[in-house]
Every structure is written in structure tokens, then in C-alpha cells.
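Before any comments, here is the structure.
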Amino acid sequence: MLIYTGIFIFKIIEDALGTLRIIVVSNGKKKLGAFLQFLNALVWVLVTGTVITNVNKDPLKIIFFALGSLVGSYTGSILEEKIALGTNIIMTKTSVINAERIKLNLKKYKITEVKDNNSTLIMITCPRKKSEEVINLIKSFDKDCNIITEKVKSFS
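Sequence positions in the sequence shown follow this note's numbering and run -10 to 145.
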């Protein structure tokens, strides 16, 4: 039973590292991504070697390997949400009055606005970790507004 537990746990670690690596590299952190790939490769060799050894006599290893992969991929996604690397732009169209209130409460972020006669399009650039906080603030002033968020590739 210890071998199955080991396969399961190490496969979770491997897949979580792989998921994180992809996300880290997509956020421009190449050196961290390379280091995570190094760790990922080490764990992969260990766990895969264990599974392949006598796999015909013990096919249950394959099941624990696959289950670890499932849980590891999910775990990596959860970790990525917690780390929340990168920058988002949050856009909403709201009344001129609400736009002024929102801008007053979000002074610490870069804000761009486009006004017409009755409404204002506000674009707020903020760290991804703060996106939910910004969205909640916008909704506190205009609960019916539409909000769009996008990942920012480059920011200056």
C-alpha cells in the first residue's frame, strides 16, 4: 500500500509543478519556469520509473498514477489562483457619477476613462490578486454594470 500512496503523492507533486510552470512561463517568469521544469523532470523520472517497474504484475500502479495526475492538475490550478501572478485590466461602463465615485476609491491603480454624454467607460489596471476587490468595489456603486476582465501581457 505504501508504493501506491507514494505514486499517488509524487504524481500530484509532478502535475502541480507542471501546471504551475506553464502559468509562470506565460506570465513572463522564464527562470522560475525553468527551475520548476527541472523539479518536474526529477519527480517524473522517479514516479514513472516506479510505475513502469513490474507494471504487468501490478497494474494497480497505473490507476494510482492516473488518480495522482487528476488531483495534481487540479491542485496546480488551485495554487495558481492563490499565487495570482500577473496584471489584469478591468473594464466597466457606468454612469458619470458612479465613475467618479469608483475613481476616488481606486486612486492607487492606473485608470483610463472614456466619457460620452451619459456614461463613462472605466479601465482599471491592477494586480491580478486585487481583481476581485476592485470588481466588488465597482459593484458596490453599480450592481447592474457589466464588467470585463482581461490579462495584460505588457504593462508600462
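Glycine included, every Cβ here is placed at the ideal spot set by N, Cα and C.
Item	Value
Give the C-beta separation of residue 44 and residue -1 to the nearest angstrom, bearing in mind that I take them to be a contact with Cβ-Cβ under 8 Å.	Not confirmed; about 16 Å, so no contact.
Are the CB atoms of residue 115 and residue 81 nearer to each other than 7 Å?	no
Cutting at 7 Å between CB atoms, please list the residues of its own chain near residue 25, excluding the five before and the five after it.	6, 9, 10 and 13
In angstroms, rounded to a whole number, what distance separates the CA positions of residue 16 and residue 66?	15 Å
Within the segment 78 to 128, note down every full beta strand (DSSP E) run reaching 3 residues or more, in order along the chain.	99 to 104 and 108 to 116
Helix, strand or coil for residue 141 per DSSP?	strand
Relative to the alpha-carbon of residue -10, which residue among 73, 21, 50 and 41 has its alpha-carbon at the smallest distance?	50
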